[in-house]
Amino acid sequence: MISAGVTPAGTLATLGEDHGMGGVRVLVGTRKGAFVLTADGKRERWEVSGPHFAGWEIYHLKGSPVDPDRLYASQSSSWFGQLVQRSNDGGRTWEPMGNEFVYDGVTGTHQWYDGTPHPWEFARVWHLEPSLTDPDVVYAGVEDAALFRSADGARTWRELPGLRGHGSGPSWQPGAGGMCLHTILLDRVHPERIFIAISSAGAFRSDDAGASWRPINRGLRSEQIPNPTAEVGHCVHRIAMHASRPDVLFMQKHWDVMRSDDGGESWREVSGDLPSDFGFPIDVHAHEPETVYVVPIKSDSEHFPPDGRLCVYRTRTGGHEWEPLTRGLPQSHCYVNVLRDAMAVDSLDPCGVYFGTTGGQVYASADAGDSWAPIVRDLPAVLSVEVQTLP
Amino acid sequence: MIRVVLPPHLRTLAKVGKEVRLALDGEATQRAVIDALEAAYPMLRGTIRDHTTRRRRPFVRFYACAQDLSHEPPDAPLPEAVATGAEPLVILGALAGG
Chain Y
334 MISAGVTPAG
344 TLATLGEDHG
354 MGGVRVLVGT
364 RKGAFVLTAD
374 GKRERWEVSG
384 PHFAGWEIYH
394 LKGSPVDPDR
404 LYASQSSSWF
414 GQLVQRSNDG
424 GRTWEPMGNE
434 FVYDGVTGTH
444 QWYDGTPHPW
454 EFARVWHLEP
464 SLTDPDVVYA
474 GVEDAALFRS
484 ADGARTWREL
494 PGLRGHGSGP
504 SWQPGAGGMC
514 LHTILLDRVH
524 PERIFIAISS
534 AGAFRSDDAG
544 ASWRPINRGL
554 RSEQIPNPTA
564 EVGHCVHRIA
574 MHASRPDVLF
584 MQKHWDVMRS
594 DDGGESWREV
604 SGDLPSDFGF
614 PIDVHAHEPE
624 TVYVVPIKSD
634 SEHFPPDGRL
644 CVYRTRTGGH
654 EWEPLTRGLP
664 QSHCYVNVLR
674 DAMAVDSLDP
684 CGVYFGTTGG
694 QVYASADAGD
704 SWAPIVRDLP
714 AVLSVEVQTL
724 P
Chain F
24 MIRVVLPPHL
34 RTLAKVGKEV
44 RLALDGEATQ
54 RAVIDALEAA
64 YPMLRGTIRD
74 HTTRRRRPFV
84 RFYACAQDLS
94 HEPPDAPLPE
104 AVATGAEPLV
114 ILGALAGG
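One line per chain: the protein sequences are Y and F, in this order. Each residue of the first sequence is one higher than the one before, starting from 334 at the first, in the numbering used here. Each residue of the second sequence is one higher than the one before, starting from 24 at the first, in the numbering used here.
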């Protein structure tokens, strides 16, 4: 009998004896459209479909954990604005849904780059996070930073205003990439709990389903801001958790890889022996909660891998001790970046790991990172990678 | 009938050809044409003008009869040739970006 479950990445998985028998569907958002890559459980031969929404920026696509055929996609362009697309058949066909993202109440201001007040202005949806329990409920993290929720399958959207309104909102300031809410983590153990992260405000937690929020940045240290240990103002690039241990969080900050063992109440650095602790994505192995992956990038002024060698680093001890994973990855003249939403894991056994690059490659590892091979090499710049593990 | 030429991305989105025809009840203005266009093709809402401010998106332009009408007031009458259907109102994406 096949039973369905949810992985730390929020993907549908087969459990127990069915590990390894399913297939995977990799959802790739790029600067010029979306691509859907599918394979059986061996993850050796891939079918590629796309581009869907050719010519549009697809910041993110993600499937519902409870209905793998229900996908949501964020489609945007500088010319024609924001669209949200929905598929009910695993990405074969799509339907445009609601695209009206209106900030709740008085819009207010945040800080502009020069420190002056600047009105909140909607730019785009960076991240879509479908509910763990209801395929019609989906959250959207947007720029300028705010969290929206739809309860009707993305037809209509309402802001959860407690986040911007909790008090520190007027002091938030955009990072170089814009003031984006890019990470949304839902907690299966504590269904009312939501974690989000904003560049460059920091991480926040709600314990009442998004009604109220508080910053959770104690222990972060950012030398680039006036008060390096300020309550808000940190450039958090990505947060990840394992579904079985939602109090343990891993963070790739602008600089520093961090860990929390108390649901974000406090953080400590676990960068250890990484060659650079700057980077964007971070993710956790599907079956080993202490195994974590990052992609070190040389620096915030040179967004490419150290020495032109593309390496994923893996810790099996929850941080501090990291090993380079290079087999199958380019080890010379490689100057791509891997963006914050462009890494994901499947829940087959062995765990599959996937990431996309700004050079248009999507690499896959079917052995938890020991070896890598490109699924595709020449897509437009990859903005996001998600994976669904299918029955 | 008013004739409207859409840019390629919006044709794909609305699943229409290069040109659509719209019936207007009142005077032919930019606002009336976009209202009718969005009513006929709801998926275009927000792509030509902002949902809230109703202002034309910055990289969208309106042309007709060899004139750039982009900066005309939304309630200004469109040229007679557009109102009669002799000429289309052209909606296009500005030359911007790379």
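Built from N, CA and C at the ideal position, the CB exists for glycine as well. The structure displayed is predicted, hence computed values, not measured ones.
Excluding its 5 nearest sequence neighbours in each direction, Y:S555 has C-beta neighbours in its own chain below 6 Å: P561 and H567, listed in chain order.
Classified as exposed, F:K41 has fewer than 16 neighbouring CB atoms from the shown chains inside 10 Å of its CB. Selection Y:G388, Y:D580 and Y:G500 evaluated against Y:R547 yields Y:G500 as nearest (Cα-Cα). Listed in chain order, the beta strand (DSSP E) runs fully inside the stretch 672 to 722 of chain Y are 676 to 678, 686 to 689, 695 to 698 and 706 to 709, counting runs of at least 3 residues. By the Cβ test, the stretch 388 to 398 of chain Y is in contact with the stretch 462 to 473 of chain Y, since at least three Cβ pairs between them sit closer than 8 Å. Annotation: the stretch 471 to 515 of chain Y contains the following complete segments of the beta strand (DSSP E) (minimum length 3 residues), in chain order: 471 to 476 and 479 to 483. Exposure of Y:Y446 is indicated by the presence of fewer than 16 other C-beta atoms within 10 angstroms of its C-beta. A residue is called buried when at least 16 other Cβ atoms come within 10 angstroms of its Cβ; Y:T690 meets this threshold and is buried. Judged by DSSP in its simplified three-state form, F:V28 adopts strand. Note on geometry: alpha-carbon atoms of Y:T648 and F:T75 lie some 48 Å from one another. Listed in chain order, the non-local C-beta contacts of Y:P683 below 7 Å within the same chain comprise A699, D700 and A701, local neighbours out to five positions each way being set aside. With a cutoff of 8 Å on beta-carbon distance, Y:V475 and Y:L416 are scored as not near each other. Contact check for Y:T624 and Y:C644: beta-carbon distance about 16 Å, past the 8 Å limit, so the pair fails to qualify.
With its beta carbon less than 8 Å from one in chain F, Y:F413 belongs to the interface. The Cβ-Cβ distance between Y:E377 and Y:T371 does not fall below 8 Å. Counting C-beta atoms within 10 angstroms of its own C-beta, Y:R457 has 16 or more neighbours from the protein chains shown and is therefore classed as buried. For F:R79, there are no C-beta contacts with chain Y under 9 Å, since the nearest C-beta of that chain is about 11 Å from it. The continuous beta strand (DSSP E) containing Y:R578 extends over residues R578 to K586. Considering only Y:W505, Y:E635, Y:V686 and Y:E428, the residue with the shortest C-alpha distance to Y:K375 is Y:V686. In the DSSP assignment, Y:E602 is bridged to Y:M591. A Cβ of chain Y is located within less than 8 Å of the beta carbon of F:M66. Under the three-pair Cβ rule at 8 Å, the stretch 567 to 576 of chain Y counts as touching the stretch 586 to 593 of chain Y. For Y:P429, the closest Cβ of chain F is nearer than 8 Å.
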